[in-house]
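Numbering (our numbering), first residue to last: 141 to 595.
In this text, a Cβ means the ideal position worked out from N, Cα and C, and glycines have one as well.
Okay, so here's the structure we're looking at.
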């Protein structure tokens, strides 16, 4: 048996039982297991008095914007005319999700046992300064780790990763749970230039295109790197992530990933607020810091300005501070009992990687290393707790941050909103999403009504 084979079996055994004792408050034996991130803010109200709205999220497979308006979708013409998705599919989330999870063309790479739907409970409130969201969903098998480095006795190799990719390689999956919130102004984001349909009617589907990661017309990295805007001479990207077609000069079956408008046109759109705000709470890459990621969707899914919550170097750059932690790496056989010590945070318990340190075969290090966020990246505080098979994630952000990469919110107004949940160790398109339209009202009636709290 090779070192790599032993590593896959050993790590697999550990990750399969991680949820028997999971998280930063977990202990061996006695009492229910729990995960609890730090809480950097206090909710000024009583969540038990805030009305709850349960939204059923469904699995979309590879159903992109190009599919919605293409010949394979019977509702293509109504969609283009501005008919909301719910006009045809309200109450059909379970049916849609079950079909798409094993669809012959829209799910070419199915995950066995994939849930059709995820019910998400949403509570919202606001005071004079902040908006608060509480998001809850069932997660009988939660994940609080991301990708890993594993020492095979001679070198460090990547381990873990999302389903279904790693399963094909005989590697145990390791990928975090996540919940995302997408916010836009009412009827403010057309699906494309001249469109009758907007984010209000089609939701996140206007950001999802065939050229994105794990989608049917994903371009090769070499194509992206050679592109004058996206590649090494421009934005230095090697993949395509969520974007709006109003940033493209045309449409095609791939989603016009390479037809980016001029810098002047993009700047005009940005200054006009033609973008979406995206908050992403991540169980491994943000929860230990008490924050959620603050992103914006425009010509790409960009991080907000400032130092990001995590960095993912191409080789180990950090290890645990033995003086503070008592170890330099986590033995894979002890991962389940050391998950409370797993987050590796620059400035707290991380020191620069020393290749001469006494590493042993099977030692693990987190691949993403955490760091304190700065500037606009730090706007969304968050605290996630997992207990009794259920996640509860609380978010807080200023109503008006005054920053150009955020959507400003105000009492008395209604906004478009969408949610997605990533569960069962998946990434990219393999989430569950809301069926649009869905609205958020601050003190006014909407699908999700935020109530006033505090003085």
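Boundaries of the alpha helix (DSSP H) in which residue i is found, first to last residue
i: residue 538; result: Where residue 538 is concerned, there is no enclosing alpha helix (DSSP H), although the beta strand (DSSP E) it sits in stretches over 530-538.
i: residue 207; result: 205-208
i: residue 361; result: 361-366
i: residue 504; result: No alpha helix (DSSP H) holds residue 504; the beta strand (DSSP E) holding it covers 503-506.
i: residue 240; result: 233-240
i: residue 226; result: 226-229
Simplified DSSP assignment, three categories, for residue i
i: residue 219; result: helix
i: residue 482; result: coil
i: residue 276; result: strand
i: residue 339; result: helix
i: residue 549; result: coil
i: residue 187; result: helix
i: residue 524; result: strand
i: residue 420; result: strand
i: residue 475; result: helix
i: residue 490; result: strand
i: residue 259; result: strand
i: residue 451; result: strand
i: residue 376; result: coil
i: residue 399; result: coil
i: residue 463; result: helix
i: residue 385; result: helix
i: residue 346; result: helix
i: residue 410; result: helix
i: residue 598; result: What is shown of the chain runs 141 to 595, which leaves residue 598 out entirely.
i: residue 575; result: coil
Own chain, CB closer than 7 Å to residue i, minus 5 neighbours either side, in chain order
i: residue 584; result: 552 and 554
i: residue 387; result: 400, 401, 406, 409, 438 and 439
i: residue 279; result: 317, 526, 529, 530, 531 and 563
i: residue 365; result: 371, 372 and 378
i: residue 467; result: 460
i: residue 219; result: 208, 209, 337 and 342
Cβ shell of residue i (< 6 Å), same chain only, five flanking positions each side left out
i: residue 589; result: 581
i: residue 324; result: 339, 416 and 556
i: residue 427; result: 177 and 524
i: residue 566; result: 302 and 303
i: residue 423; result: 284, 316 and 317
i: residue 519; result: 434, 537 and 541
i: residue 451; result: 509
i: residue 611; result: Lying before the first or after the last residue shown, residue 611 is absent from the chain, which here runs from 141 to 595.
i: residue 389; result: 399 and 401
Rounded distance between the beta-carbons of residue j and residue i, thought under 8 Å
i: residue 205; j: residue 395; result: 7 Å
i: residue 282; j: residue 194; result: That pair is no contact at about 20 Å.
i: residue 263; j: residue 274; result: 4 Å
i: residue 228; j: residue 215; result: 5 Å
i: residue 286; j: residue 315; result: 6 Å
i: residue 369; j: residue 360; result: Not quite, the Cβ-Cβ distance comes to about 16 Å (not below 8 Å), so this is no contact.
i: residue 515; j: residue 445; result: 5 Å
i: residue 277; j: residue 456; result: Contact flag wrong, Cβ pair sits at about 34 Å.
i: residue 353; j: residue 326; result: With a Cβ gap of about 30 Å, residue 353 and residue 326 do not count as contacting.
Sequence-distant residues of its chain with Cβ nearer than 8 Å to residue i (five each side left out)
i: residue 443; result: 433, 434, 435 and 517
i: residue 458; result: 484, 486, 490, 491, 492, 493, 505 and 509
i: residue 559; result: 195, 197, 260, 262, 275, 319, 320, 321, 322, 573, 574 and 578
i: residue 414; result: 328, 329, 384, 386 and 438
i: residue 521; result: 180, 181, 430, 431, 432, 535, 536 and 537
i: residue 192; result: 261, 262 and 263
Residue i - containing beta strand (DSSP E), residue span
i: residue 459; result: 458-460
i: residue 90; result: Only positions 141 to 595 of the chain appear in the structure, and residue 90 is not among them; the question remains open.
i: residue 327; result: Premise fails: residue 327 is in no beta strand (DSSP E) and is neither H nor E.
i: residue 197; result: 192-198
i: residue 305; result: Segment 305-308 is the alpha helix (DSSP H) holding residue 305; no beta strand (DSSP E) there.
i: residue 580; result: 579-582
i: residue 299; result: 296-299
i: residue 570; result: Taken as a continuous stretch (DSSP letters only), residue 570 belongs to no beta strand (DSSP E), as it is neither H nor E.
i: residue 557; result: 554-562
i: residue 288; result: 288-291
Can at least three beta-carbon pairs, one atom from the segment 496-503 and one from the segment 412-432, be found at a separation below 8 Å?
no
The segment 562-577 / the segment 196-203 touching (three or more Cβ pairs under 8 Å):
yes
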